[in-house]
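*Asks:*
Numbering (the working numbering), first residue to last: 20 to 348.
So, in structure tokens, the structure goes:
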């Protein structure tokens, strides 16, 4: 079993943060998104990984090489954004004779990876959503097999969204399906999607089933990124008693990286602070603060502050008379 993680996307929905780093390296709950994914797969016993990199892929390769020296990592470059199907096809030399676990590089979900790997046929992870038009969608047969897969349907016939985790048993047939779609120029939204390749496999007789996930976070938007950060902080339960900062209150759950300089602040709940950050007279709640950021005299709620950013708010010294009202908003 090999894990395949496409991380070549530009991450336009998370700009301006993805102007300077790939989406997979944005930190949540103490480590980058890709780190949480690798940790989960490693715990399930997977040791061989293929990463499809593109936009600022050298940063992803450097992070993985440095922080995960024990895994057997291969890197394949996708230079153009032709979709997830095309990304997987680029790695066919490393993958076509193996069973695969494909995990999209911005996806964190609650699923038992061990049980998923143990499935005897191709299995796709799904979750019911309110608006299926934003996702790949699975339509089911009465016997529990997948009838049809559609990428971002205009008129959905199902609310079962594909969450971006796929256990593929017939990898050779997957690559045949991708090549067929590319030769016939079968696209969705002008890209060769993995969803369409899987649908081609069904058309050629491959039986697929689904497994539901309890929680799923598609970390492509700021609000979902912050919700994911809060959920993982609660789950990981970092020990906040070790944090000793001058005149500072810590309200768990909180993660604070090493070598931070924090004073006169209130941190939490649901706050992640990267290493070497400087916080002074800061009140932070439900936020992500990148490494080396500096924040002074500021109150932040549901905010994402990038690496090495500087934010200095106002410091007032007031002499206010009787019956006065001042509103700074």
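Glycine included, every Cβ here is placed at the ideal spot set by N, Cα and C.
Here's a check: name, in chain order, each residue in its chain whose Cβ is nearer than 6 Å to the Cβ of residue 94, leaving out the five neighbours to either side.
*Replies:* Translated into positions along the chain shown, residue 94 becomes position 75. Correct list, in chain order: 70, 72, 80.
*Asks:* Quick one: what does DSSP say residue 51 is sitting in, helix, strand or coil?
*Replies:* Within the chain shown, residue 51 is the residue found at index 32, counting from 1. It is a strand residue.
*Asks:* Which of the three DSSP states is assigned to residue 219 in this structure?
*Replies:* Your numbering for residue 219 matches position 200 in the chain shown. In this structure, residue 219 counts as helix in the three-state DSSP scheme.
*Asks:* So residue 289 and residue 309 are supposed to be a Cβ contact under 8 Å. How far apart are they, rounded?
*Replies:* Against the chain shown, residue 289 aligns to sequence position 270. Against the chain shown, residue 309 aligns to sequence position 290. At roughly 16 Å, the Cβ-Cβ gap does not stay under 8 Å, so residue 289 and residue 309 are not in contact.
*Asks:* Leaving out five residues before and five after residue 274 in sequence, what residues of the same chain have Cβ atoms less than 8 Å from its Cβ?
*Replies:* Along the chain shown, one-based indexing puts residue 274 at 255. Around residue 274: 48, 49, 252, 255, 257, 290, 291, 292.
*Asks:* With DSSP as the reference, label residue 264 as helix, strand or coil.
*Replies:* For this step, residue 264 is matched to residue 245 along the chain shown. In this structure, residue 264 counts as coil in the three-state DSSP scheme.
*Asks:* So who's on the other strand from residue 93, going by DSSP bridges?
*Replies:* Translated into positions along the chain shown, residue 93 becomes position 74. Partner(s): 69.
*Asks:* At what residues does the beta strand (DSSP E) containing residue 281 begin and finish?
*Replies:* Locating residue 281 in the chain shown gives position 262, counting from the first residue. Note, residue 281: beta strand (DSSP E), 280-282.
*Asks:* Assuming residue 245 is part of the alpha helix (DSSP H), what are its boundary residues?
*Replies:* Locating residue 245 in the chain shown gives position 226, where the first residue counts as 1. Per DSSP, residue 245 belongs to the alpha helix (DSSP H) from 241-255.
*Asks:* Assuming residue 158 and residue 177 form a contact by the criterion Cβ under 8 Å, report the distance between their Cβ atoms to the nearest whole angstrom.
*Replies:* On the chain shown, position 139 is the one that residue 158 refers to. On the chain shown, position 158 is the one that residue 177 refers to. That belief holds up - the Cβ atoms of residue 158 and residue 177 are roughly 5 Å apart, short of 8 Å.
*Asks:* DSSP three-state call for residue 116: helix, strand or coil?
*Replies:* For the purposes of this step, residue 116 is taken as residue 97 along the chain shown, with counting starting at 1. It is coil, neither helix nor strand.
*Asks:* Does the beta carbon of residue 346 come closer than 8 Å to any beta carbon on chain D?
*Replies:* Absent from the structure is chain D; it holds one protein chain and no more.
*Asks:* Could you check which residue in 317, 52, 329 has the C-alpha nearest to that of residue 311?
*Replies:* Residue numbering aside, residue 311 sits at position 292 when the chain shown is read from its first letter. Comparing Cα positions, the closest option is 329.
*Asks:* For residue 200, count neighbouring C-beta atoms within 10 Å of its own C-beta (all shown protein chains included) and say buried if the count is 16 or more, exposed if not.
*Replies:* Reading the chain shown from its first residue, position 181 is the one you call residue 200. It counts as buried.
*Asks:* Based on DSSP bridge pairs, tell me the residues matched to residue 168.
*Replies:* Start at 1 with the first residue of the chain shown, and residue 168 comes out as number 149. Paired residues: 157.
*Asks:* Hey, how far is the Cα of residue 107 from the Cα of residue 313?
*Replies:* If you number the chain shown from 1, residue 107 lands on position 88. If you number the chain shown from 1, residue 313 lands on position 294. About 40 Å.
*Asks:* To the nearest angstrom, how far is the alpha carbon of residue 59 from that of residue 132?
*Replies:* For the purposes of this step, residue 59 is taken as the residue at position 40 of the chain shown. For the purposes of this step, residue 132 is taken as the residue at position 113 of the chain shown. The straight-line gap from Cα to Cα measures roughly 8 Å.
*Asks:* Under a three-way DSSP split, which group does residue 82 fall into?
*Replies:* Numbered from its first residue, the chain shown carries residue 82 at position 63. Reduced to three states, the DSSP call for residue 82 is helix.
*Asks:* Under the three-state reduction of DSSP, which class applies to residue 99: helix, strand or coil?
*Replies:* Stepping through the chain shown from its first residue, residue 99 is reached at position 80. Residue 99 falls in the coil class under three-state DSSP.
*Asks:* What did DSSP end up calling residue 236 once you bin it into helix, strand or coil?
*Replies:* Numbered from its first residue, the chain shown carries residue 236 at position 217. Looking at residue 236 - three-state DSSP - the assignment turns out to be strand.
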